[in-house]
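Per the numbering used here, the very first residue in the sequence shown carries number 141; after that it's consecutive.
Note that beta-carbon positions come from the ideal geometry of N, C-alpha and C, so glycine has one too.
Since we're looking at a predicted model, the values are computed, not measured.
Okay, so here's the structure we're looking at.
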Amino acid sequence: MKRVLLATAFTIVLFSCQKSKDDKPQPAQKDYEGKYKITKLVFQSTGNPDQDLLASLPDCTQDDLLVLAADSVFKTEDAGVACGDSPTDPTVWFVKENKITIDGVQSSIVSFNNHTLVLSTPMELLGVKGNILETLERQ
């Protein structure tokens, strides 16, 4: 009887410790590498309606691509209308757990499916604390 009980307990413990098949490993930094276009840029704050910030950007900025390159290099590329001289100095980016840091600014990675990257960045806009929700589409 003790052996049956011990075998049953061992089986339960063995199978209850298995990882769920739904557990996905965190994407590696190289998985984020690529060129992205901002498709949504919204300021969200408690008690206030969402503010569309993308519409307020100049046309020459709206078509720019954000490049998350290998070796942690971040830069922007004009993809149409130029605003003038584009910044020539690239900066750095890196991913750690569910956070991405670009030029010293840390954002939470809300979601990523190898095509769409959604970021949330705490920000104060005109004295109101909130978050910038940014949707980037891989090009």
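Report the residue from the options whose alpha carbon sits nearest the alpha carbon of residue i.
| i | options | result |
| --- | --- | --- |
| G220 | V268, I249, K177, R278 | K177 |
| K180 | K269, L208, Q202 | Q202 |
| T275 | N188, V268, N254, D229 | N254 |
| D191 | V182, D218, A209, R278 | The sequence shown places Gln at residue 191, not Asp. Checked all of V182, D218, A209, R278; the closest Cα to Q191 is V182. |
| D229 | K236, V207, V235 | V207 |
| G267 | D171, S251, N188, Q279 | N188 |
| Q166 | C223, V250, S196 | V250 |
| K269 | T186, K170, Q169 | T186 |
| A168 | E277, A222, F252 | F252 |
| C200 | W233, C223, Q184, L193 | C223 |
| D218 | L194, K175, V235, E237 | K175 |
| N271 | V232, F234, L193, K164 | L193 |
For residue i, report the span of its beta strand (DSSP E) as first-last.
| i | result |
| --- | --- |
| Q279 | Premise fails: Q279 is in no beta strand (DSSP E) and is neither H nor E. |
Could you check whether residue j and residue i sit closer than 9 Å to each other, using their CB atoms as the reference points?
| i | j | result |
| --- | --- | --- |
| E292 | A210 | No answer is possible for residue 292: it lies beyond the span of the chain, which begins at 141 and ends at 279. |
| L205 | Q279 | yes |
| S248 | K236 | no |
| E277 | T256 | yes |
| Q184 | L259 | no |
Item to complete: Identify every run of the alpha helix (DSSP H) within the region 154-218, keeping only runs that are complete inside it and at least 4 residues long; order them along the chain.
Response: The region 154-218 contains these whole alpha helix (DSSP H) runs: 169-172, 199-202.
Worksheet item: Counting pairs of beta carbons, one from the region 199-219 and one from the region 229-249, are three or more of them closer than 8 Å?
Response: Pairwise C-beta distances place the region 199-219 in contact with the region 229-249, as three or more of them are shorter than 8 Å.
Worksheet item: Residue ranges of each beta strand (DSSP E) run of no fewer than 3 residues wholly in the region 220-271, ordered along the chain?
Response: Counting whole runs of 3 or more residues, the region 220-271 contains the beta strand (DSSP E) stretches 231-236, 239-242, 245-252, 256-265.
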